[in-house]
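**Student:**
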Amino acid sequence: MQHDEKTHVPVTLQGSGVVILNERGDILLVRELGTPGQKEKAGLRVLLVRFLNAYLGRFPDGVLILWTIWLAEPLPDQTASPTLTDEVAEVRYVGKEEFAQLYDAGQIRMYQTRLFYEDALRERARWEKAGA
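Position one of the sequence shown corresponds to residue 1 (the numbering used here), numbered consecutively onward.
1) Pick out whichever of Arg92, Asp104, Leu13 has its Cα sitting closest to the Cα of Leu28.
2) Mind reading off the beta-carbon distance from Leu56 to Leu66? Whole number of angstroms is fine, and I expect it under 8 Å.
3) Return the first residue and the last residue of the alpha helix (DSSP H) that Thr113 is part of.
4) Between Gly131, Gln107, Arg124, Val30, which has its C-alpha nearest Leu48's C-alpha?
5) Among Gly95, Gln78, Pro60, which has the Cα closest to the Cα of Arg109?
6) For Tyr117, which residues of its own chain have a beta-carbon under 7 Å away from its beta-carbon, when the five flanking residues on both sides are left out?
7) CA-CA distance, Asp104 and Thr113?
8) Strictly by DSSP, which residues pair up with Ile69?
9) Given a threshold of 16 other Cβ atoms within 10 Å of its Cβ, counted over all protein chains shown, does Ala89 qualify as buried or as exposed?
10) Where does Ala80 sit, in a helix, a strand or coil, going by DSSP?
11) Alpha carbon to alpha carbon, what distance is there between Leu75 and Gly25?
12) Span of the alpha helix (DSSP H) holding Ala100?
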């Protein structure tokens, strides 16, 4: 059976990013000022550990976005130094408990961020268990 245009779902926006975990499994969060931009903001050099997943989301206006996300670790001996200081209010690591509190309080803007973090923790645990 051949698939035709009815099986295609047009995706208006694409995004890519990384979930940066430190050695404790804390996630690096960037709190933005005003309207979120489209550039890397944390100012960290990272090692891409592995492809995490592709995620399809929908904005409130119905526009679809496809994210491709990588699991990453910061390279040693550096601190976050925001590259777009006019867009960044804060860059810091938070653990699972604080992340959950921020999410429940509505301080984490996107549900997908929670999915990214949960998937990153699962993947990291799986890969550490396998001895990678």
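All residues carry an ideal CB built from backbone N, CA and C; glycine is no exception.
The structure displayed is predicted, hence computed values, not measured ones.
**Tutor:** The short version:
1) Working through the sequence shown from its first residue, we reach residue 28 at position 28. Among Arg92, Asp104, Leu13, the Cα nearest to that of Leu28 is on Arg92.
2) In the sequence shown, counting from the first residue as 1, residue 56 sits at position 56. In the sequence shown, counting from the first residue as 1, residue 66 sits at position 66. Contact flag correct, Cβ pair sits at about 5 Å.
3) Here the question's residue 113 lines up with position 113 in the sequence shown. Taken as a continuous stretch (DSSP letters only), the alpha helix (DSSP H) holding Thr113 covers 111-129.
4) As a first step, residue 48 is located in the sequence shown; it is residue number 48 there, counting from the start. Looking at the Cα atoms, Arg124 is the closest of the given residues.
5) Locating residue 109 in the sequence shown gives position 109, where the first residue counts as 1. Considering only alpha carbons, the answer is Pro60.
6) Position 117 of the sequence shown, counted from the first residue, corresponds to residue 117. Excluding positions up to five away in sequence, the list reads Val19, Ile27, Phe99.
7) Taking the first residue of the sequence shown as 1, we reach residue 104 at position 104. Taking the first residue of the sequence shown as 1, we reach residue 113 at position 113. For Asp104 and Thr113, the distance between alpha carbons rounds to 13 Å.
8) Start at 1 with the first residue of the sequence shown, and residue 69 comes out as number 69. Paired residue(s): Gly17, Asn53.
9) Stepping through the sequence shown from its first residue, residue 89 is reached at position 89. With fewer than 16 other Cβ atoms within 10 Å, it is exposed.
10) Within the sequence shown, residue 80 is the residue found at index 80, counting from 1. If DSSP states are grouped into helix, strand and coil, Ala80 belongs with coil.
11) What you label residue 25 is simply residue 25 of the sequence shown in a count that begins at 1. What you label residue 75 is simply residue 75 of the sequence shown in a count that begins at 1. Whole-angstrom Cα-Cα distance: 15 Å.
12) Position 100 of the sequence shown holds residue 100. Where Ala100 is concerned, the enclosing alpha helix (DSSP H) stretches over 96-104.
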